[in-house]
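Numbering (the numbering used here), first residue to last: 23 to 143.
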């Protein structure tokens, strides 16, 4: 199970990394108005958090054979069919929730910075 959890964390982290790359590019594009850049970045991080929470809620509905975690597992490391769905879904749900918490923290920080910059103006 430990290997499955690590692979779930890797899989979700990779997806979050790509989405974070897009957020960073948008923030850089708006960097002439730093308060606006932080506001938009915070809102995009909040949107990412909501998507991760939705995916965590629905993780048990996706067939485990179609997940990236299952594809990364060696045939010998795969759990037996009767419990595989529950194990993979639980690992993915945990990873989604960890990254959702981090995205929410980042969104709050960026939004607070935007608010402070706007109030200082």
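Yeah, the Cβ is synthetic: ideal placement off N, Cα and C, and Gly gets one too. Note that the structure is predicted; figures quoted are calculated from it, not measured.
Check for me: the alpha helix (DSSP H) holding residue 140 runs from which residue to which?
103–142
Using only alpha-carbon positions, find the residue among 110, 58, 109, 71 that is nearest to residue 39.
71
Do you know offhand how far residue 100's Cα is from residue 109's?
CA-to-CA, the gap between residue 100 and residue 109 works out to about 10 Å.
Where residue 89 falls, given that 16 or more other Cβ within 10 Å makes a residue buried
buried
I'd like to check one pair, residue 118 with residue 81: are the Cβ atoms closer than 8 Å?
yes
Nearest-angstrom beta carbon gap, residue 95 and residue 30 [assumed within contact, 8 Å]:
Taking 8 Å as the upper bound for CB-CB distance, residue 30 and residue 95 are not in contact here, some 10 Å apart.
CB residue 57 to CB residue 139, shorter than 8 Å?
yes
Sort 84, 54, 46 by Cα distance to residue 67 and report the nearest one.
Ranking the options by Cα distance to residue 67, first place goes to 46.
Assuming contact is defined by CB atoms lying nearer than 8 Å, are residue 121 and residue 34 in contact in what I supplied?
Yes.
So is residue 63 buried or exposed if we call it buried at 16+ other beta carbons inside 10 Å?
Residue environment analysis places residue 63 among the buried positions, since at least 16 neighbouring C-beta atoms fall within 10 angstroms of its C-beta.
Rounded to a whole number of angstroms, what is the C-alpha to C-alpha distance between residue 133 and residue 104?
45 Å
Where do the ends of the alpha helix (DSSP H) carrying residue 14 lie?
There is simply no residue 14 to check, as the chain begins at 23 and stops at 143 in what is shown.
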